[in-house]
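Q: A single structure is presented below for examination.
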Amino acid sequence: MTAWEIAGFLACVAVATCAQSITGFALALILLGLTGLFDLAPLPDVANVATVLSLASAVIALRGTRKSLDRAIWRTTVTGSIFGYAIGVALMAWLNANVVMVLRLLLGVVVIACAVIVLVRTEPLAQRSSPASFRGFGVLSGVLGGLFSASGPPLVYQFYRQPMDLEAVRDTLVATLAAGSLVRLLMVVPAGQFSTRSLLLCLLSLPLAMGITWWMRRHPPAWPRAAVLKVVCALLVVTGVGLIGPAVAAIWR
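The sequence shown begins at 3 in the numbering used here and counts up by one.
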């Protein structure tokens, strides 16, 4: 990578981390979307970086949350996500080796779909969903996490519909995403899918992301969260369209 590409990548990390600090999600989606749009680094490497950054942020956020963690939901969801991650990691390796443009097209579709899912307002359920439902959303989350390290939106949709205390929902969600990130690392590293470039980008990005997270927690912006959420989702949609256009044109040719 050239110096300009590294600088551009770190700028994307800064934007994604700011969005994550304000909204609680979207780090992987924005990082993958922006770097894919500007073709700064291979998507598998960016997914690896997003996994490490998400895991590091979750470890910090989970301090002192044992009492609020719903272990039953956590276990059921993570059980399903393990199978999903295996599928997603295998798909990422195959698509990147054979049909890169299809991978970019799929990323664009996923980015737009996730933005729509997050913006959809849902009424709370009268009773908790069944274990099978949590397991199914875990599989879907795992597939997206294995492909793009973007496992959050399906779980955000599922968890925030449950008749649970908000703190329990948040902490259980963070713990589930952290477990998924760890599962992904345990799959990609032994398989040789965590390249030297991934390691270098992680070493460069981690101090920046942690510094921004630290600053944003101590100096939170006064912007309304709902407005920021709409801006972030609009950014995701624009990024997704920017990825889909060139990919469709290349495939058509």
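Glycine included, each C-beta is placed from N, C-alpha and C at the ideal position.
(1) Among V91, P126 and L202, whose alpha-carbon lies nearest the alpha-carbon of F150?
(2) Is S151 helix, strand or coil by DSSP?
(3) Roughly how many angstroms separate the alpha carbons of E7 and R65, rounded to a whole number?
(4) Can you give me the Cβ contacts of C20 inside the same chain, cut-off strictly under 7 Å, excluding the 5 residues immediately before and after it?
(5) Look at the alpha carbon of T37 and the alpha carbon of F85, and state the distance between them as a whole number of angstroms.
(6) Give the DSSP-derived three-state secondary structure of L238 in the structure shown.
(7) Where I119 and G242 are concerned, what is the direct C-alpha to C-alpha distance, given to the nearest angstrom?
(8) Over what stretch of residues does the alpha helix (DSSP H) that includes S183 continue unbroken?
(9) Report the three-state DSSP secondary structure of Y159 (helix, strand or coil).
(10) Near I114, what residues of its chain come up, given a Cβ to Cβ distance below 6 Å and the 5 sequence neighbours on each side ignored?
(11) In whole angstroms, give me the CA-to-CA distance for L202 and L31.
(12) Comparing alpha-carbon positions, which option in V191, T174, P223 and G82 lies nearest D72?
(13) Would you kindly work out how many angstroms separate the C-alpha atoms of R186 and V145, rounded to a whole number?
A: So, to answer that:
(1) V91
(2) coil
(3) Those two C-alpha atoms are separated by around 35 Å.
(4) I214 and M218.
(5) 27 Å
(6) DSSP, read as helix, strand or coil, puts L238 in helix.
(7) Straight-line Cα distance between these residues: approximately 14 Å.
(8) L168 to V190
(9) helix
(10) V239 and G242
(11) 20 Å
(12) T174
(13) 10 Å
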